[in-house]
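Undergrad:
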Amino acid sequence: MRPLTIDLDELAFALDTQGIDHYLDLFSGQVLLIPIEDPDPELAELLQREPERLLPIEPLSSGQSLELMRDFLREVPEPHAYSALANAIEGRKPFKAFRHVLMGYPELLQAWYVYQGERLRECAQDWLADNQIQPAGRSPGAYL
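Take 40 as the starting number for the sequence shown in this note's numbering and just add one per residue.
As structure tokens, this is what we get:
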């Protein structure tokens, strides 16, 4: 496969977004989104006409997203925040509860956004490697 110019942040966003179908256009390298409830007619037609051109991007599972949160928790130095975040992850609605706890710790919230962004970009690179796609400008061994 030829190298593609891919926006890694867009791919990372697609991996972290539920409720919208995302595809990687294997000709242009663009990440395309097709809302489930109100699809763009042109994109829906392209998907029907040339399905081999568009590679579906499956979002991370809830378990994978929870694992990111647990990994971040290991880096939280403040005992009270650690305890509150650990309880949030193990309780009902862990994603909402986790964000709610982080709102009380602005520095940790910022650290979470940085950590999450870095990890999602790593997931995007893994997704490309798993799908045997080489981003333009990378050597074939870059993922090893």
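Virtual Cβ for every residue (Gly too), placed ideally from N, Cα, C. On a predicted model such as this, the values are computed, not experimentally measured, just so you know.
Only counting runs of 4 or more residues, tell me where the alpha helix (DSSP H) segments fall wholly within the region 49-116, in order along the chain.
TA: 80-88 and 101-112
Undergrad: Could you check the C-alpha separation between Phe52 and Tyr152 for me, to the nearest Å?
TA: 12 Å
Undergrad: Taking DSSP as the reference, what is the three-state secondary structure of Pro42?
TA: coil
Undergrad: Since Leu107 contacts Arg160 with CB under 8 Å, what's their CB separation in whole angstroms?
TA: Rounded, the Cβ-Cβ distance is 12 Å, inconsistent with contact.
Undergrad: In angstroms with no decimal places, state the Cα-to-Cα distance between Ser67 and Asp46.
TA: 11 Å
Undergrad: For Asp110, decide whether its Cβ has a neighbour in chain D, counting only Cβ atoms nearer than 9 Å.
TA: Judged by its chain identifiers, the structure shown contains no chain D, having just a single protein chain.
Undergrad: Could you say if the region 139-156 and the region 113-126 meet the contact criterion of at least three C-beta pairs nearer than 8 Å?
TA: yes
Undergrad: What do you reckon, are the CB atoms on Gly58 and Pro74 nearer than 9 Å?
TA: yes
Undergrad: If I follow the unbroken alpha helix (DSSP H) through Gly130, where does it start and stop?
TA: Looking at the DSSP string, Gly130 is not in any alpha helix (DSSP H), and its letter there is neither H nor E.
Undergrad: Is the separation between the beta-carbon of Leu63 and that of Leu94 shorter than 9 Å?
TA: yes
Undergrad: In whole angstroms, give me the CA-to-CA distance for Asp110 and Asp48.
TA: 20 Å
Undergrad: What residue from Val70, Pro133, Glu114 and Arg88 has the CA that sits closest to Glu97's CA?
TA: Val70
Undergrad: Would you tell me roughly how many angstroms separate the C-alpha atoms of Ala83 and Asp169, rounded to the nearest one?
TA: Per the coordinates, the alpha-carbon of Ala83 lies some 25 Å from the alpha-carbon of Asp169.
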